[in-house]
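So for the sequence shown, numbering that gives the first Met the number 0 puts the first residue at 0; every next one is plus one. Single-structure report; data block below.
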Amino acid sequence: MYTSTPEALQALADAVAQAQHGLPLQPVTVIAPSRASALDLSHYLGRVLNEGRGSAAVRTTTLDDLAEELVAADGQLSGRAPLPAMVREGAVTAILAEAPGLFAEVADQPATARAIASTSAALDAACPDDVTGLSPLVREVARVHRAAARILGSSWYTSHDLYSAAAAAVQTPRIRKRLGPVIGFQLADEQDPSAAAFRAALEQHAATAYLTAASSPGPVEQVLSASDADDEARAVVRLVIEKLAAGTPSHRIGVFYSAADPYRTLLAQRLAEAGITFVGPSAHGLADTGLARGLVNLLSLDPANPDVRILLDVMAQGALHWQEGSLPSSAVCERLHASPPADQEDADEDHEPTEAEQKRQQDYAQFTAFIAVLGERLSGVFAARTWTEVADTLADFVSEFLGPRAATERPELGKARDLVRDVIRDLELLHGIAPAPTAAAVRAAVARGIEARRFWTGTSGTGVVLGSYDDGVGRDLDVVFFTGAADGLAPARIRENPLLPDSAGHLLAVKLPTIHERASARKDQFQRLLATGVERTILFPRGNLRAGGTLQPSRWLAGTEVRHLPSFAHGLMHGSPTGVAATGQEWRVRYLLGTGSLTGDPVLDAVSEIRADRRTGTFSRFNGNLTGVSGSIIDPQKPISPTNLEDWVISPLAYFLRRVLRAELFEDVTLEVQISNLQRGNLMHQVLEDYVRGLTDGSQTVSSERLLEIAEAAFEATGNPAWLRHTWDRDKSRIRTDLQKAHESDQQARDAGWQHFAVEAEFGAESGEPPVELDLQGGSTVRFRGKVDRVDRHSGGQVLVIDYKTGKADKYKKLTREDPTAGGTRFQLPVYGLFARRFATDPGAEVRAEYRFITADGKYERVGYDVGPDVENRLREDAGLVMAALQAGVFPPKPQPEGHGYTNHTTLMGAAGVRHTWERLKDDPALSDYSRFFQEEK
0 MYTSTPEALQ ALADAVAQAQ HGLPLQPVTV IAPSRASALD LSHYLGRVLN EGRGSAAVRT
60 TTLDDLAEEL VAADGQLSGR APLPAMVREG AVTAILAEAP GLFAEVADQP ATARAIASTS
120 AALDAACPDD VTGLSPLVRE VARVHRAAAR ILGSSWYTSH DLYSAAAAAV QTPRIRKRLG
180 PVIGFQLADE QDPSAAAFRA ALEQHAATAY LTAASSPGPV EQVLSASDAD DEARAVVRLV
240 IEKLAAGTPS HRIGVFYSAA DPYRTLLAQR LAEAGITFVG PSAHGLADTG LARGLVNLLS
300 LDPANPDVRI LLDVMAQGAL HWQEGSLPSS AVCERLHASP PADQEDADED HEPTEAEQKR
360 QQDYAQFTAF IAVLGERLSG VFAARTWTEV ADTLADFVSE FLGPRAATER PELGKARDLV
420 RDVIRDLELL HGIAPAPTAA AVRAAVARGI EARRFWTGTS GTGVVLGSYD DGVGRDLDVV
480 FFTGAADGLA PARIRENPLL PDSAGHLLAV KLPTIHERAS ARKDQFQRLL ATGVERTILF
540 PRGNLRAGGT LQPSRWLAGT EVRHLPSFAH GLMHGSPTGV AATGQEWRVR YLLGTGSLTG
600 DPVLDAVSEI RADRRTGTFS RFNGNLTGVS GSIIDPQKPI SPTNLEDWVI SPLAYFLRRV
660 LRAELFEDVT LEVQISNLQR GNLMHQVLED YVRGLTDGSQ TVSSERLLEI AEAAFEATGN
720 PAWLRHTWDR DKSRIRTDLQ KAHESDQQAR DAGWQHFAVE AEFGAESGEP PVELDLQGGS
780 TVRFRGKVDR VDRHSGGQVL VIDYKTGKAD KYKKLTREDP TAGGTRFQLP VYGLFARRFA
840 TDPGAEVRAE YRFITADGKY ERVGYDVGPD VENRLREDAG LVMAALQAGV FPPKPQPEGH
900 GYTNHTTLMG AAGVRHTWER LKDDPALSDY SRFFQEEK
């Protein structure tokens, strides 16, 4: 027994040299605890044997690889393949489906088959011939194990078969000659009884010798604690940088962790951020790639009714590419889903769709066609009758929807696609073993296969070694860091297998290790780990910031002196314990905190300017002042809607985000449990439009029954299966009542001499009526576009333009002829009134514009006024001011007031922060011309 791995390495070199003394080609077999260790031993022996000239006939291998080699040489398992866990699980699933026994209530759960399959691997060597003495549960597990073995037949071999065949092969002189002297280096006691039996055979027939080094924590080890795993990873990176700066080659440094979660990803990320080349597991696996996530998400869809939200998410990740057809961008599809274009069958026959409307219709048709094809292909995958057919159809599915976008693509994408195809090809192994495929089984098999594949970074000898504690045993290194040495991680909690408890051990064919024996083995392994290297540092976290709570140092570190490292934040403020900044960002933050400035960093300068302007209330480019932007933000020649101006008054910044940058909010109506206010308004508008159009073109007569017939058809088209039935029934009843009231009101107007003249009359579009033009002060002209719900004309020549409203009337009551824009906040009625003048037969005829509230919430009120020259002058003044602001680039961050939806641009940006900025900004002199628009609503 040696106290350090370097001592054991020297002893190994001496043993090999002695075995080959006078016989330089004498075979020598060295068994290492891992493949990485075996590679280190090969390199070490090559450096030190024969005065550095290298070694010959020395095999460094692992016990598993040696067994494979001997069995292949002996030919005992020829024609058989190693049994994958997925195939064993498939056989167990087949037995549970046919004869579940005690597992009847949970037989259809994937976790049940997984747990039994894992236990079945232990029973390969331990299952007794007589199971009568076992408990009912263990007896059932043994029954399923034996039945699964019969399904698997002789095409596969287990690790028990492998080690048994290898043990038999060792007994032959030819194999023993091939092996030569056998040396076990840093090998732990085998927990697998089959592997232990193979080791025993080697000891008996090949005279195996063992070299072991182990150490307990002592003064030579430095024990450090960090606030949490994140700070621990940062501290390790700083310490590695320090060693690299001192001249230690990177490949002579090792970093090992107790638990893959979270250390594997954390350490890989921190090393990469610091620009340190490392060799070991990557921070990410196949499951982290957009392509693999996309496939798993697509397989989760219901082929008959795909969830478009999931589909949009896959598209947004950039992995989806439809090879057989064209598809709009993910952003376009998202907008089309949120707001589909009007059905062409419902469109006005006299209205020629604009080029933009035609493009939306085409995009929507492509999107819906894609969804239909995707659902059809998914149905084909799930309808496959065999696993071979599943693999074929799924491979075609990936090629059609997740294939490369071009002949050349980023290497990581191609690698991920190749691995996904490997996962799919592995499904063929289930053919004839697992039950017939189902959608759930296909999803589970693909998800597990993807989750099991991880990426590897680097090539041996090119960088810092990264791995688990097991990877660190028997390594040839100078400086090592052991992370995660806290109770609960090292040692991790060892749980008893409820399907094969320790109490059944004495009844099994061979003895399996108990919980206590497994715990003791983990401690022995940790002591072997501590022997690695010359300089060792042990770290553990004091807490878990993810799950909460505090952590204690590992019980294996009892009696050691611990030095507590300050937090990362403390290091930024006062310098890290090593004085080393791990990344460029950390260095810049430290320098800035120490000096108060950092010249030559445009990003930091811009951030500082943003914070200063928002803190002091300066109307700059960071607070919506785009007066310095070259070019026009809006096109003054392009018609603009009156609601466009109203949106600017409500919140200029929200206007800029929505109208200029096109940053629309995505509101998923499929999440609603009842009809929204917007949907209710659109439905009532559509019903009244269809009804009034029939009256104006003479295709139908006045009839409340006909109005309700149209409403019922609209209910059928609008209804959402996700809506609660009783709320939808209640809403339909209310809508019927409101429509009936609107019909009665219109009938009274008809009796008084009014007739419907136009419905959904549009102006300012690319085709149809020209825009409403209004000459402004200063010589410019604003052109308005819009669409009015209805125009009525009286037998006396008066004209009435009506805009339906389905909400409350309260916020519109300020509209009067004396204040026709309500302080510059409402522009629809005056613009609609100017448009309605075109329908007057007498130029001097009275024209009135009004909002008609057609629901009980609005109390069926009417708000409006006559549109005369005085109204036109006020519109000219207020609209001119808003247009001047738009053309000048004035978009201050005025918060959107309450009542404009819970989710709006203000709430998404943080309502409190926006209000805080606005309070300091609203009195800026540059905004004084517009101050009357920004008065708080009472």
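All C-beta atoms, glycine included, are put in the ideal place defined by N, C-alpha and C.
Note: F184 is bridge-paired with L210 in the DSSP secondary-structure output.
By the C-beta density criterion, I801 is buried, having at least 16 other C-beta atoms within 10 angstroms. Taking a cut-off of 8 Å for Cβ pairs, the region 408-417 and the region 467-475 do not touch, as fewer than three such pairs fall below it.
The beta carbons of M683 and D612 sit no closer together than 8 Å.
Rounded to the nearest angstrom, the gap between the Cα atoms of K358 and A605 is 40 Å. Here DSSP, grouped into helix, strand and coil, assigns I801 to strand. Taking a cut-off of 8 Å on C-beta distances, the region 196-215 touches the region 521-537, as three or more cross pairs fall below it.
With respect to E871, P829 sits close: the two C-beta atoms are nearer than 8 Å.
DSSP, read as helix, strand or coil, puts A520 in helix. Here V15 has V27, V29, L44, L48, S54, V57 and I182 as same chain residues with Cβ atoms under 8 Å from its own Cβ, once five neighbours each way along the sequence are excluded. In the DSSP secondary-structure assignment, E534 is bridged to V478. The Cβ atoms of A66 and A165 lie closer than 8 Å to each other.
When the five nearest sequence neighbours on each side are left out, the beta carbons in the same chain lying within less than 8 Å of the beta carbon of R735 are those of L707 and A710, in order along the chain. Bounds of any alpha helix (DSSP H) do not take in H250, whose DSSP letter is neither H nor E. Around the beta carbon of K893, a 10 Å sphere encloses 16 or more other beta carbons of the protein chains shown; the residue is thus reported as buried.
DSSP places Y831 inside the alpha helix (DSSP H), whose first and last residues are Q827 to A835.
D287 carries a helical assignment under DSSP once its states are collapsed to helix, strand and coil. Collapsing the DSSP output to three states places D306 in coil. N624 sits in a strand when the DSSP states are folded into three classes. Taking the Cα of P218 as reference, the smallest distance to any Cα among A751, N496, V602 and A557 is reached at A557. Residue S134 holds the alpha-carbon nearest to the alpha-carbon of H505 among S134, M314 and A712. In this structure, D923 lies away from F539, with their beta-carbon atoms at least 8 Å apart.
Around the beta-carbon of I94, 16 or more other beta-carbon atoms lie within 10 Å, marking it buried. Counting along the chain, D774 sits inside the beta strand (DSSP E) bounded by residues V771 to D774. Distance from the CA of R198 to the CA of T549, rounded to the nearest whole angstrom, comes to 42 Å. Within the region 835-893, the runs of beta strand (DSSP E) that reach at least 3 residues and sit entirely inside it are, in chain order, 846-852 and 861-865.
Taking a cut-off of 8 Å on C-beta distances, the region 386-397 does not touch the region 261-271, as fewer than three cross pairs fall below it. Just so you know, the alpha carbons of A713 and Y690 end up roughly 12 Å apart. Looking only at K522, P497, M572 and T582, the smallest Cα-Cα distance to E241 is reached by T582. When C-alpha distances from G823 are compared across V881, Q526, L775 and S163, the shortest belongs to V881. Looking at the backbone, the Cα of V798 and that of G752 are separated by about 12 Å.
In this model, Y654 and P436 are separated by some 53 Å (Cα to Cα).
Under the DSSP definition of a beta bridge, A910 lacks any partner.
Per DSSP, the continuous alpha helix (DSSP H) segment holding R420 begins and ends at P410 to D425.
Of the other Cβ atoms in all chains shown, 16 or more fall within 10 Å of the Cβ of T207; this residue is therefore buried. In the three-state reduction of the DSSP assignment, F539 falls in the strand class.
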